[in-house]
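Notes for the one structure printed next.
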Amino acid sequence: MVGEAGEDTLYQAAGKKSAKELAEELNRERHRLVGKVVEDIERNNFNTAIAAIMELSNAVGNYLRAASAEERAQDAELAAFDRELADVLVELMAPFTPHWAEELWHTPLGHDTSVHEQPWPEFDLALAAADEVELAVQINGKVKTRIMVAADAAEEAIRETALEAVSKATEGKNVVKVIVIPDRLVNIVVK
2 MVGEAGEDTL YQAAGKKSAK ELAEELNRER HRLVGKVVED IERNNFNTAI
52 AAIMELSNAV GNYLRAASAE ERAQDAELAA FDRELADVLV ELMAPFTPHW
102 AEELWHTPLG HDTSVHEQPW PEFDLALAAA DEVELAVQIN GKVKTRIMVA
152 ADAAEEAIRE TALEAVSKAT EGKNVVKVIV IPDRLVNIVV K
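Per my numbering, residue 2 is the first one in the sequence shown, and the count goes up by one each step.
In structure tokens:
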């Protein structure tokens, strides 16, 4: 998800993660965004397809800054992943910037064939699924905090986690209703 300027949501805790862990996160993001580009192109939403490509480009840049270059260079699997990322970005750019994509495909990436002869990047929605999701917790429509819950958490578990997270703010108040909107937010109505 794109945040405020300068905000690095995918890699905020990068100092605590290995390059492999960061690559796994980016791979999940890559599959999600390639799927979004495909869907947007099929619906003729070219501006949002380009925005998804830019989002992927930003995520790749964040990964390259956060993951140790030394660790990536020494691990053949990570080096191949880096190369695959570059290829995918150029392949996604090709329909929108054909001349630039062709130049990038040949010069820095060193391919002999045309980028336009390549198959479209594949994506797997199962790989794109996150293990955890972040939900905003609101009290009477105002965001008070955010919680992380398992992506497949039951509504009751989400409700309990949200109430626990804002227990001080709801202390002494009557909780009238708790509304859970899956993968987005929890709104707690109090009087």
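Glycine included, each C-beta is placed from N, C-alpha and C at the ideal position.
Helix or strand or just coil, what does DSSP make of L136?
Strand, per DSSP.
Going by DSSP in three states, V167 sits in which element: helix, strand or coil?
V167 sits in coil when the DSSP states are folded into three classes, being neither helix nor strand.
Option nearest E96 by Cα separation, candidates K178, D83, A50 and A77
Residue identity differs from the one stated: residue 96 is Pro in this sequence, not Glu. Between P96 and the set K178, D83, A50 and A77, the nearest pair of CA atoms involves A50.
Can you have a look at E8 and say buried or exposed, based on whether 16 or more other CB atoms are within 10 angstroms of its CB?
The predicted model places E8 with a pLDDT of 45, which falls under 50 and marks its position as unreliable, so this point remains unresolved.
Which one of V116, F47 and L23 has the shortest CA to CA distance from N63?
For the residues V116, F47 and L23, the minimum Cα distance to N63 belongs to L23.
T162, DSSP secondary structure in three states
In the displayed model, T162 falls within a helix according to three-state DSSP.
Using a Cβ-Cβ cutoff of less than 7 angstroms, which residues in the same chain neighbour V116 once the five nearest sequence positions on both sides are dropped?
V91, E92, A95, A102, E103 and W106.
Member of E43, E56, I182 and E85 whose CA lies at the smallest distance from the CA of P122:
When each option's Cα is compared against that of P122, the closest is E85.
CA-CA distance, E43 and G173?
Distance between the alpha carbons of E43 and G173: 52 angstroms.
Determine the closest residue to V191 out of E157, A155, V138 and A151, with distance taken between C-alpha atoms.
Among E157, A155, V138 and A151, the Cα nearest to that of V191 is on V138.
What is the residue span of the beta strand (DSSP E) that T114 lies within?
Where T114 is concerned, there is no enclosing beta strand (DSSP E), given that its DSSP letter is neither H nor E.
Rounding to the nearest angstrom, what Cα-Cα distance links L126 and V134 in this structure?
Cα to Cα, the separation comes out at about 16 angstroms.
Quickly, what does DSSP pair L186 with across the bridge? List them, please.
Note: L186 sits in a beta bridge opposite A137 and I182.
Contact check, A163 vs V176, beta carbons under 8 angstroms
Not closer than 8 angstroms, so no.
Neighbourhood of R185 by C-beta, 8 angstroms cutoff - its chain only, sequence neighbours within 5 removed
Here the set comprises L136 and A137.
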